[in-house]
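Asks: Here it is, the structure in full.
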Amino acid sequence: MAAKDEKTMQQEAHSSEVEKEPKTAKKSANSEVDNAPDIESLTEILHGDPTEIESEEAIDSIDEWVDFLKGHKEENIKELSASLKELKKLLKGKKTEASQIVEVLAKLGEQTNAIGDEAGRGVKGPMHTLGKALITFSHKIERAAAKAEKEA
Numbered sequence: 055m056a057a058k059d060e061k062t063m064q065q066e067a068h069s070s071e072v073e074k075e076p077k078t079a080k081k082s083a084n085s086e087v088d089n090a091p092d093i094e095s096l097t098e099i100l101h102g103d104p105t106e107i108e109s110e111e112a113i114d115s116i117d118e119w120v121d122f123l124k125g126h127k128e129e130n131i132k133e134l135s136a137s138l139k140e141l142k143k144l145l146k147g148k149k150t151e152a153s154q155i156v157e158v159l160a161k162l163g164e165q166t167n168a169i170g171d172e173a174g175r176g177v178k179g180p181m182h183t184l185g186k187a188l189i190t191f192s193h194k195i196e197r198a199a200a201k202a203e204k205e206a
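Under our numbering, the first residue of the sequence shown carries the number 55, and numbering increases by one thereafter.
Spelled out as structure tokens, the structure:
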């Protein structure tokens, strides 16, 4: 029993760290979700003002998700990870157009919704909420860019 308690405490202490070993299909969805970055806090950020989000903060979040998705064999997860890496590249770019970011965010939203469609109970809802938030956020960026262009 003491070994279990110690192991539980170690897992809690390292909850923000991502497992290095690949996930297997046999692991339950709940154990994977327990190790996932916080979907709710990301969704809250996406409901905010896009002009108030720092690129470095977004890049750190992307890195956290890419690390979490490593080792997944499913094609849709690999595509999601590739889209996240594409977004990171755009955010780091000096000549990135808002329209490029809008396009990738919308694609991420669609991919997240598709993954949510296949997800198990307890995961489906948060995935759909996140997918919708990504798409809505892409629209916010599009409107902010159009407004900035008019004012220029």
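For glycine and all other residues, C-beta sits at the position ideal for the given N, C-alpha and C.
Model, not experiment: these values are computed from the prediction.
Rounded C-beta distance between V156 and E196? I'm assuming under 8 Å.
Replies: Numbered from 1 along the sequence shown, position 102 holds the residue referred to as residue 156. Numbered from 1 along the sequence shown, position 142 holds the residue referred to as residue 196. Their Cβ separation, rounded to whole angstroms, is 5 Å, which keeps V156 and E196 in contact under 8 Å.
Asks: Less than 8 Å between the beta carbons of L134 and A112, yes or no?
Replies: Start at 1 with the first residue of the sequence shown, and residue 134 comes out as number 80. Start at 1 with the first residue of the sequence shown, and residue 112 comes out as number 58. Result no, Cβ atoms of L134 and A112 do not sit closer than 8 Å.
Asks: Following the continuous alpha helix (DSSP H) through A160, name the residue where it begins and the one where it ends.
Replies: In the sequence shown, residue 160 corresponds to position 106, counting from 1. For A160, the uninterrupted alpha helix (DSSP H) segment begins and ends at A152 to E172.
Asks: With a cut-off of 8 Å on the beta carbons, I'd call L188 and G163 a contact; round off their distance for me.
Replies: In the sequence shown, counting from the first residue as 1, residue 188 sits at position 134. In the sequence shown, counting from the first residue as 1, residue 163 sits at position 109. Indeed they touch by this definition, with Cβ atoms about 3 Å apart.
Asks: So, helix, strand or coil for P104, using DSSP?
Replies: Indexing the sequence shown from 1 puts residue 104 at position 50. Helix, per DSSP.
Asks: Got a sec, what are the start and stop residues for the alpha helix (DSSP H) G185 sits in?
Replies: Mapped onto the sequence shown, residue 185 falls at position 131. Per DSSP, G185 belongs to the alpha helix (DSSP H) from K178 to E205.
Asks: Return the first residue and the last residue of the alpha helix (DSSP H) that N112 is part of.
Replies: As a first step, residue 112 must be located in the sequence shown, where it is residue number 58. Looking at the sequence shown, residue 112 is not Asn but Ala. Where A112 is concerned, the enclosing alpha helix (DSSP H) stretches over S109 to L123.
Asks: Could you pull out every residue in the same chain whose Cβ sits closer than 8 Å to the Cβ of K178, ignoring the five residues on either side in sequence?
Replies: Along the sequence shown, read from residue 1 onward, the residue named residue 178 stands at position 124. So the qualifying residues of the chain are G170 and D171.
Asks: Using 8 Å as the threshold, is the C-beta distance between L184 and L96 below it?
Replies: As a position in the sequence shown, residue 184 is number 130, starting the count at 1. As a position in the sequence shown, residue 96 is number 42, starting the count at 1. The answer is yes: Cβ separation under 8 Å.
Asks: Within 10 Å of its beta-carbon, does S137 have 16 or more other beta-carbons around it, so buried, or fewer, so exposed?
Replies: As a working note, residue 137 is residue 83 in the sequence shown. The residue is buried, with at least 16 neighbouring Cβ atoms inside 10 Å.
Asks: Buried or exposed for K142, please, with buried defined as at least 16 other CB atoms from any protein chain shown within 10 angstroms of its CB.
Replies: Taking the sequence shown and counting its residues from 1, the one referred to as residue 142 is at position 88. Burial call: buried.
Asks: Look at the Cβ atom of K104, then the Cβ atom of K194, and state whether they are nearer than 8 Å.
Replies: Taking the sequence shown and counting its residues from 1, the one referred to as residue 104 is at position 50. Taking the sequence shown and counting its residues from 1, the one referred to as residue 194 is at position 140. Note on identity: in this sequence residue 104 is Pro, with Lys being the wrong assignment. Result yes, Cβ atoms of P104 and K194 sit closer than 8 Å.
Asks: Please name the residue in Q165, A173, H126 and D114 whose C-alpha comes closest to that of K186.
Replies: For the purposes of this step, residue 186 is taken as the residue at position 132 of the sequence shown. The candidate whose alpha carbon is nearest that of K186 is Q165.
Asks: For S192, count neighbouring C-beta atoms within 10 Å of its own C-beta (all shown protein chains included) and say buried if the count is 16 or more, exposed if not.
Replies: The count along the sequence shown starts at 1 and reaches residue 192 at position 138. Here S192 is buried. Its C-beta has 16 or more other C-beta atoms within 10 Å.
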